[in-house]
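Taking it in order: structure first as structure tokens, then the write-up.
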Amino acid sequence: MTETDHTAPSPNASRTLQVAVVGAGPVGLSMALQLARSGVSVRILDRREGPSDQPRAHVVNARTMELFREWGIADGVRADGLSPELAASFGWVTTVGADEFGTVPYVDEQTAERCSPERWCNCAQDLVEARLLEAATAAGAVVDYGHEVVGYRASVLDGHEAGELDVRGPSGVETVRGRFVVAADGASSPMRRMAGVGRGHAGSLGRKLNIYFTADLTLDTRLRPNILWFVHNPRTQGILITLDGKQRWVYGVNLAEGESAQDYDTAKCEALVRAAVGREDLDVDVLNRSSWTLDMGVAERFRVGPLLFAGDAAHRFPPTGGFGMNSGIQDVHNLAWKLVHVLRGSADVSLVDTYEAERRPVAVVNVEQSMANAEGMYQADALLNAPETLAALGAPEGAELRAGIQQSLDLMRPHMHSLGQQFGHVYKGAAVVDDGSEERESTIEEYRMTARPGARAPHARVDVADGSDQGVSVVDIVNGQWTLLTAKTGDVWRVAAAPASRSLGLKVIEVLPKPDRTHTGPEVVVDSAEPGYWQRLYELEDGGAVLVRPDGHVLARWQREPVDPPKAVEDALRSVLGVDVQMTARH
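Numbering-wise (our numbering), the sequence shown opens with residue 451 and increments by one.
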């Protein structure tokens, strides 16, 4: 890992940059990585003395893995994570060493294959952060630990609204100015408090204790593929989280009213772990214990002038469903390209307003579903943790009870099967051009693939028609750049896109229903699923096209060839960017 540069300015010195990011968790690091890759001067300020060594979140969903794939770290994160053969299900047990009395598979792999070129990954947050930190610093981002923001105010920089931070570091206080400031400083978010922004929709379902420990549980798990082990026995009830399937684990239990982590010394934590595993001779090394509140909340605003909130600073979810870290990373994926365009002069600052308009509704859905999942878990626990139930679960005469529990667990599928929630949100507002087509809304479980404006451009396998027969996903083609996908061969759409190709780097890709030797090259791809699949999926007639934003979401769709394609492309881009595309600087 790259060591942080703690070279400090003199007290009260001033530094100016394009974007300041507060918080070096996975969200702040993802923000800085994208900006640095685009040539933006960015600095992260974090009050901690160094990177976290705590696992915290551990689910990296498939959409986030698509982003990691774009940034070049997906393979590393997957290598650091739990091997797929150990990450297939959730198990309910009396002890980890006992057979399951209930299981729920995590993901339907056939459905997942249809949705994405990537698969979810179980990787502890500290390892995810390490990959992001390495990539961000390699791209040129400055990451300063031991630097706490103690003051914030709106300012002016080069005639533009800007943010001004008072930062206390090893050598005193300095002033940091940025055209934009991104607050990714956690659920308590001092930046949000300084800006006077409240967090609505607050609610709580109690407090939890996490015991982070190492132990060899191979004999007990027998390499069964449970990501989470829901433990229910008279001595302890909790959730064992598998981090690497070998040595790293977290055991979580409920805290009683008035209890805190200080009430659980090492011996008490070891006893709880041994009771959960079912082995009194287990060698346990408790590394850390921490308490937290199972609550929810969404910030009333995601933007106050030059200050923007992301991740837990913008929304707080219960971990049930695994959407906290993922939503935050996807927040800044939505925001980064917009800041880049404004900073380059290729978009009006009003484009930044669309961040809140697009991401806050997603946060509301995620927080409500995560809370519903949590409430479902509490209802299940109330049944399973009743003294008479705990006594019967491990007894031979409890067979009928155990069978009935398995049936009730099937009702928890939305908690475990959420492809619609992961991929199905469709942005609305000023950063998309509605084509008037019928909406196709996804459910929590079912992802109804659509290329309607605002939706993520759906995954489809295609082959590059350059003689290599290289298979790629449409997701790989569109992520990270402006792309025009066309269902027409010839120059019509290339001519239409020429001004944007020069100014924004817009790439035109022809998608053929079947191989055609007269049309080959790196900017021609062929359906590899079946002839015409992509065109049907995207609901295009011959001559139609979709214009995709750098974040992989559809900006505009022409289901059939418009009367004036150049004007159609120009009008769509101008309506979103707020500037004349032909006058912008080369992307």
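Glycine included, each C-beta is placed from N, C-alpha and C at the ideal position. In this text the structure is predicted, and so the values were computed from the model without any measurement.
request  = Let me know the secondary structure DSSP gives residue 929 once reduced to three states.
outcome  = If you number the sequence shown from 1, residue 929 lands on position 479. Residue 929: coil per DSSP, three-state reduction.
key: Per DSSP, the bridge partner or partners of residue 571   = Locating residue 571 in the sequence shown gives position 121, counting from the first residue. DSSP, once it has assigned bridges, lists 510 as partnering residue 571.
Same chain, Cβ closer than 6 Å to residue 530, five either side skipped, listed in chain order = Within the sequence shown, numbered from 1, the residue matching residue 530 stands at position 80. Correct list, in chain order: 573 and 577.
task = Can you give me the start and stop residues for the beta strand (DSSP E) that residue 504 sits inside?
result = As a working mapping, residue 504 is identified with position 54 in the sequence shown. No residue range can be given for residue 504, since it is assigned to no beta strand (DSSP E) and is classified by DSSP as neither H nor E.
task = To the nearest angstrom, report how far apart residue 856 and residue 811 are at their CA atoms.
result = What you label residue 856 is simply residue 406 of the sequence shown in a count that begins at 1. What you label residue 811 is simply residue 361 of the sequence shown in a count that begins at 1. Take the alpha-carbon of residue 856 and the one of residue 811: they are about 34 Å apart.
key: Paired residues, beta bridge with residue 602 - DSSP   = Sequence index remark: in the sequence shown, residue 602 carries index 152 (1-based). Paired residues: 615.
task = Kindly indicate which three-state DSSP category residue 875 falls into: helix, strand or coil?
result = For this step, residue 875 is matched to residue 425 along the sequence shown. Taken through DSSP and simplified to helix, strand or coil, residue 875 comes out as coil.
message = Strictly by DSSP, which residues pair up with residue 695?
response = Against the sequence shown, residue 695 aligns to sequence position 245. Its beta-bridge partners do not exist; DSSP assigns none.
ask   = Under the DSSP definition of a beta bridge, which residues are partnered with residue 442?
value = What is shown of the chain runs 451 to 1037, which leaves residue 442 out entirely.
ask   = Looking at the structure shown, is residue 729 part of a helix, part of a strand, or coil, going by DSSP?
value = Indexing the sequence shown from 1 puts residue 729 at position 279. Coil, per DSSP.
Bridge partner(s) assigned by DSSP for residue 977 = Here residue 977 refers to the residue found at position 527 of the sequence shown. BP columns for residue 977 point to 912.
request  = Give me the Cα-Cα distance between residue 1001 and residue 814, rounded to the nearest whole angstrom.
outcome  = As a position in the sequence shown, residue 1001 is number 551, starting the count at 1. As a position in the sequence shown, residue 814 is number 364, starting the count at 1. The alpha-carbon atoms of residue 1001 and residue 814 are separated by roughly 21 Å.
ask   = In this structure, does DSSP put residue 610 in helix, strand or coil?
value = Stepping through the sequence shown from its first residue, residue 610 is reached at position 160. DSSP places residue 610 in strand when its eight states are reduced to three.
key: residue 690 versus residue 601: straight-line alpha-carbon distance, rounded   = By one-based count along the sequence shown, residue 690 stands at place 240. By one-based count along the sequence shown, residue 601 stands at place 151. Spanning the two alpha carbons is a distance of roughly 40 Å.
task = Classify residue 791 as helix, strand or coil using the three-state DSSP reduction.
result = Translated into the one-based positions of the sequence shown, residue 791 becomes position 341. Of the three classes helix, strand and coil, the one that applies to residue 791 here is helix, per DSSP.
task = Could you have a look at residue 454 and say whether DSSP puts it in helix, strand or coil?
result = Residue mapping note: residue 454 aligns to position 4 of the sequence shown, counting from 1. Since pLDDT at residue 454 reaches only 36, below the 50 mark, its modelled position is unreliable, and the value read off the structure follows with that caveat. Residue state, collapsed to three classes: coil.
task = Could you tell me the boundaries of the alpha helix (DSSP H) in which residue 951 lies?
result = In the sequence shown, the residue the question calls residue 951 occupies position 501. If you look at residue 951, you'll find it in the alpha helix (DSSP H) that goes 942–954.
key: Run of the beta strand (DSSP E) containing residue 739, from where it starts to where it stops   = Position 289 of the sequence shown, counted from the start, is the residue given in the question as residue 739. Segment 735–749, the beta strand (DSSP E) holding residue 739.
query = How long is the line joining the alpha carbons of residue 594 and residue 1026, rounded to whole angstroms?
reply = Here residue 594 is taken as the residue at index 144 of the sequence shown, counted from 1. Here residue 1026 is taken as the residue at index 576 of the sequence shown, counted from 1. Cα to Cα, residue 594 sits roughly 35 Å from residue 1026.
key: Other residues of its chain near residue 840: CB distance less than 7 Å, five sequence neighbours each side excluded   = Looking up residue 840 in the sequence shown gives position 390. Cβ neighbours of residue 840 beyond the five flanking positions: 682, 683 and 684.
inquiry  = Using only the alpha-carbon positions, how far apart do residue 997 and residue 836 sit?
reply    = For the purposes of this step, residue 997 is taken as residue 547 along the sequence shown, with counting starting at 1. For the purposes of this step, residue 836 is taken as residue 386 along the sequence shown, with counting starting at 1. If you draw a straight line from the Cα of residue 997 to the Cα of residue 836, it comes to about 56 Å.
key: residue 797 versus residue 771: straight-line alpha-carbon distance, rounded   = Here the question's residue 797 lines up with position 347 in the sequence shown. Here the question's residue 771 lines up with position 321 in the sequence shown. Looking at the two C-alpha atoms, the distance is approximately 36 Å.
task = Leaving out five residues on either side along the sequence, give the residues of the same chain with a beta carbon under 6 Å from the beta carbon of residue 455.
result = Within the sequence shown, residue 455 is the residue found at index 5, counting from 1. Per-residue confidence for residue 455 stands at a pLDDT of 37, beneath the threshold of 50, marking its modelled position as unreliable; the derived number appears in the next sentence. Beyond the five residues adjoining it in sequence on each side, residue 455 comes within less than 6 Å, by CB distance, of no other residue in the same chain.
request  = Using DSSP bridges, identify the partner residues of residue 701.
outcome  = Your numbering for residue 701 matches position 251 in the sequence shown. Residue 701 pairs with 661 and 690.
key: residue 610 burial status per 10 Å Cβ neighbour count (16 or more: buried)   = Position 160 of the sequence shown, counting from 1, holds the residue named residue 610. Residue 610 should be labelled exposed.
task = Identify the continuous alpha helix (DSSP H) that holds residue 1017 and give its terminal residues.
result = For the purposes of this step, residue 1017 is taken as residue 567 along the sequence shown, with counting starting at 1. Per DSSP, the unbroken alpha helix (DSSP H) holding residue 1017 starts and ends at 1015–1027.
Buried or exposed (CB count within 10 angstroms, at least 16 for buried), residue 781 = Along the sequence shown, read from residue 1 onward, the residue named residue 781 stands at position 331. Burial call: buried.
Beta bridge counterpart(s) of residue 624 as assigned by DSSP = Here residue 624 refers to the residue found at position 174 of the sequence shown. In the DSSP secondary-structure assignment, residue 624 is bridged to 617.
query = Which value, in whole angstroms, describes the spacing of the CA atoms of residue 527 and residue 571?
reply = To locate residue 527, count along the sequence shown from 1; it is residue 77. To locate residue 571, count along the sequence shown from 1; it is residue 121. Between residue 527 and residue 571, the C-alpha separation is close to 8 Å.
Selection from 886, 486, 629 and 966 that minimises the alpha carbon distance to residue 466 = For the purposes of this step, residue 466 is taken as residue 16 along the sequence shown, with counting starting at 1. Of the listed residues, the one whose Cα sits closest to residue 466 is 629.
Inter-residue spacing [alpha-carbon to alpha-carbon] between residue 747 and residue 1016 = Looking up residue 747 in the sequence shown gives position 297. Looking up residue 1016 in the sequence shown gives position 566. Straight-line Cα distance between these residues: approximately 45 Å.
inquiry  = With H, G and I counted as helix, E and B as strand and the rest as coil, what does DSSP make of residue 982?
reply    = For the purposes of this step, residue 982 is taken as residue 532 along the sequence shown, with counting starting at 1. Correct three-state label for residue 982: coil.
query = Count the other CB atoms within 10 Å of the CB of residue 493; is the residue buried (16 or more) or exposed (fewer)?
reply = Position 43 of the sequence shown, counted from the start, is the residue given in the question as residue 493. With at least 16 other beta carbons inside 10 angstroms of its own, residue 493 counts as buried.
message = I need the straight-line Cα distance from residue 868 to residue 762, nearest angstrom please.
response = Residue mapping note: residue 868 aligns to position 418 of the sequence shown, counting from 1. Residue mapping note: residue 762 aligns to position 312 of the sequence shown, counting from 1. A straight line joining the alpha-carbon of residue 868 with that of residue 762 spans about 20 Å.
request  = Check residue 1007 in the structure and name its three-state DSSP category.
outcome  = One-based indexing of the sequence shown puts residue 1007 at position 557. DSSP, reduced to helix, strand and coil, places residue 1007 within a strand of the structure shown.
message = I'd like to check one pair, residue 914 with residue 641: are the Cβ atoms closer than 8 Å?
response = In the sequence shown, counting from the first residue as 1, residue 641 sits at position 191. In the sequence shown, counting from the first residue as 1, residue 914 sits at position 464. Contact flag unset, no.
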